[in-house]
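Enquirer: Quick one: the structure is below, and I'll ask about it shortly.
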Amino acid sequence: QKGKKKASLDDFPESEIDGFKEAGFDIVQLGGVWQTGMFGMQRALKTIESDPLLTEDMACSSPYAIVEYKVHDDFGGDAALARLREKFKQRGIRLFLDFVPNHVAVDHPWTAEKPDYLVAGSDEDLANEPQNYFRVGERVLAHGRDPYFDGWEDTAQLNYGHGELRSEMCKTLAKIATMCDGVRCDMAMLQCPDIMEQTWGGRLNPADGSPRVTDPFWPGAIKAAKAANKNFILMAEVYWGRDFELQESGFAFTYDKALYDRVVALQGDPVRLHLTADLAFQSKCIRYLESHDEERAATVLSDVKSHDAAAILAFTCPGIRSFHDGQLQGRKKRVSMHVRCRLHEPRDPQVSLIYAKLL
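Numbering (this note's numbering), first residue to last: 6 to 364.
Printed below as a string of structure tokens:
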């Protein structure tokens, strides 16, 4: 707020950490701790301008447009994170962070200094698909994207056909493994070889003439992370039915999007069928009713009895039970990734009671 000191990770309330412990949580995952750039902030201001309830001082760069894997200067840097991690450790809580393997920010140093690490395009690509390509000097580069949607305009697509790029991303993941207890790997299925081929095809051939790498990325990357921290836990955000494949690649846990979709659609028989899967697979699933990508659970499950039933079902299954910030209080307003704070919203006593009993 204006006239007040900006909060850093050192200002994370210890009462909040105590509350996590008392509620029975043993993992807290912080999203968006890494350094972002000015382009992302400019993109955020567009979002702010479209909502009359928001002001410019509420804008922030998307946490998925990263310029460097160091803790954001605004949050107190790496040292502040280390102090916060110790506070969690003293209470028996593990700290997880984010890793975004698919792309970096458009103002990441690599776009100018190491453009061969990025998927390249042509002048024709830029003319035909301006939403998917951008220019840096003489080069045309691709925005990060998945095969089904246009690019994210504040990002640059990494080229996993380039061997040096893979080595750098393995080093980055190993560095993260020294800073926390686990990591959520954003859209981890995008590094599956067939999905990379589907999305980018021949553009994965390195522009500098080095041989294209085609083997799976994750087994080697996970091995590097485990070498840095043998107890490190890797979770995969994964869709399109690729969860078992990523478990086989070495991920300890994977998003259970299939259960989420069936539960919020109130589809009893498909839920029952899904829960007949092998217990070894189910024990590695992350069960959730809400995330930053989905609508608020209190909105989707507006009938309290349905919300109660869905919560009991999802959060008494084997695996990790994941609760999103604000879910336990029944918040209904979804917060954009380009907004750094949320507007006041009263606690929903009925939803709060569901989770108080469940926990």
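C-beta atoms are modelled at their ideal positions from N, C-alpha and C, and glycine is treated no differently. From a predicted model like this one, the values you see are computed outputs, not experimental measurements.
Evaluate contact between the segment 235-251 and the segment 154-174, counting only Cβ atoms and requiring at least three cross-stretch pairs below 8 Å.
Expert: no
Enquirer: Return the chain-ordered list of same chain residues with a C-beta closer than 6 Å to the C-beta of residue 230, the five sequence neighbours on each side being excluded.
Expert: The sequence position of residue 230 within the sequence shown is 225, counting from 1. If the five residues before and after residue 230 are omitted, its C-beta is found closer than 6 Å to the C-beta atoms of 178, 179, 182, 237, all from its own chain and listed in chain order.
Enquirer: Any idea what DSSP makes of residue 7, helix, strand or coil?
Expert: Position 2 of the sequence shown, counting from 1, holds the residue named residue 7. Since pLDDT at residue 7 reaches only 41, below the 50 mark, its modelled position is unreliable, and no value is offered.
Enquirer: Suppose the cutoff is 6 Å on Cβ atoms and the five residues either side in sequence are ignored; what does the same chain contact list for residue 351 look like?
Expert: In the sequence shown, residue 351 corresponds to position 346, counting from 1. None.
Enquirer: Enumerate in chain order the residues of its own chain whose CB-to-CB distance from residue 144 is below 7 Å, with the five nearest sequence positions on each side excluded.
Expert: Numbered from 1 along the sequence shown, position 139 holds the residue referred to as residue 144. So the qualifying residues of the chain are 120, 125.
Enquirer: To the nearest angstrom, report how far apart residue 6 and residue 279 are at their CA atoms.
Expert: In the sequence shown, residue 6 corresponds to position 1, counting from 1. In the sequence shown, residue 279 corresponds to position 274, counting from 1. In this predicted model, residue 6 has a pLDDT of only 44, less than 50, meaning its place in the structure is not dependable enough to derive any value.
Enquirer: Just checking, does the segment 207-225 make contact with the segment 160-177 on the three C-beta pairs under 8 Å criterion?
Expert: yes
Enquirer: Looking at C-beta atoms only, is the number of pairs between the segment 183-191 and the segment 133-149 that lie closer than 8 Å three or more?
Expert: Contact fails between the segment 183-191 and the segment 133-149, because fewer than three Cβ pairs, one in each stretch, are under 8 Å apart.
Enquirer: So, for residue 207: in the same chain, excluding its five sequence neighbours on each side, which residues have a beta-carbon less than 7 Å away from its beta-carbon?
Expert: Here residue 207 corresponds to residue number 202 of the sequence shown, with the count starting at 1. Beyond the five residues adjoining it in sequence on each side, residue 207 comes within less than 7 Å, by CB distance, of no other residue in the same chain.
Enquirer: Can you give me the start and stop residues for the alpha helix (DSSP H) that residue 139 sits inside?
Expert: The sequence position of residue 139 within the sequence shown is 134, counting from 1. Run containing residue 139: none in the alpha helix (DSSP H); it sits in the beta strand (DSSP E), 138-141.
Enquirer: Please report the straight-line C-alpha distance between residue 326 and residue 291, rounded to a whole angstrom.
Expert: Counting from one through the sequence shown, the residue named residue 326 turns up at place 321. Counting from one through the sequence shown, the residue named residue 291 turns up at place 286. The alpha-carbon atoms of residue 326 and residue 291 are separated by roughly 6 Å.
Enquirer: Check the DSSP bridge columns for residue 343 and list the partner residues they point to.
Expert: The residue given as residue 343 occupies position 338 in the sequence shown. Answer is none; residue 343 lacks a bridge partner.
Enquirer: Give a yes or no on whether the C-beta atoms belonging to residue 276 and residue 264 are separated by under 8 Å.
Expert: Here residue 276 refers to the residue found at position 271 when the sequence shown is read from its first residue. Here residue 264 refers to the residue found at position 259 when the sequence shown is read from its first residue. Yes, these two residues count as a Cβ contact at 8 Å.
Enquirer: To the nearest angstrom, report how far apart residue 298 and residue 342 are at their CA atoms.
Expert: Counting from one through the sequence shown, the residue named residue 298 turns up at place 293. Counting from one through the sequence shown, the residue named residue 342 turns up at place 337. So the two alpha carbons sit approximately 9 Å from each other.
Enquirer: Return the first residue and the last residue of the alpha helix (DSSP H) that residue 23 is part of.
Expert: Within the sequence shown, residue 23 is the residue found at index 18, counting from 1. Residues 19-28.
Enquirer: How do the segment 79-89 and the segment 9-25 stand: do at least 3 beta-carbon pairs fall below 8 Å, yes or no?
Expert: yes
Enquirer: Below 8 Å CB to CB, which residues in the same chain sit around residue 218 once its five sequence neighbours on both sides are set aside?
Expert: Along the sequence shown, read from residue 1 onward, the residue named residue 218 stands at position 213. Result list for residue 218: 165, 166, 167, 168, 171, in chain order.
Enquirer: When you compare only the Cα positions, how much space is there between residue 102 and residue 239?
Expert: By one-based count along the sequence shown, residue 102 stands at place 97. By one-based count along the sequence shown, residue 239 stands at place 234. Roughly 10 Å between the two C-alpha positions.
Enquirer: Applying the 10 Å Cβ sphere with the 16-neighbour rule, what's the burial state of residue 317?
Expert: As a first step, residue 317 must be located in the sequence shown, where it is residue number 312. Under this definition residue 317 is an exposed residue.
Enquirer: In terms of DSSP beta bridges, what is residue 145 paired with?
Expert: Taking the sequence shown and counting its residues from 1, one reaches residue 145 at position 140. Under DSSP, residue 145 forms a beta bridge with 126, 140.
Enquirer: Helix, strand or coil for residue 32 per DSSP?
Expert: Here residue 32 corresponds to residue number 27 of the sequence shown, with the count starting at 1. Reduced to three states, the DSSP call for residue 32 is strand.
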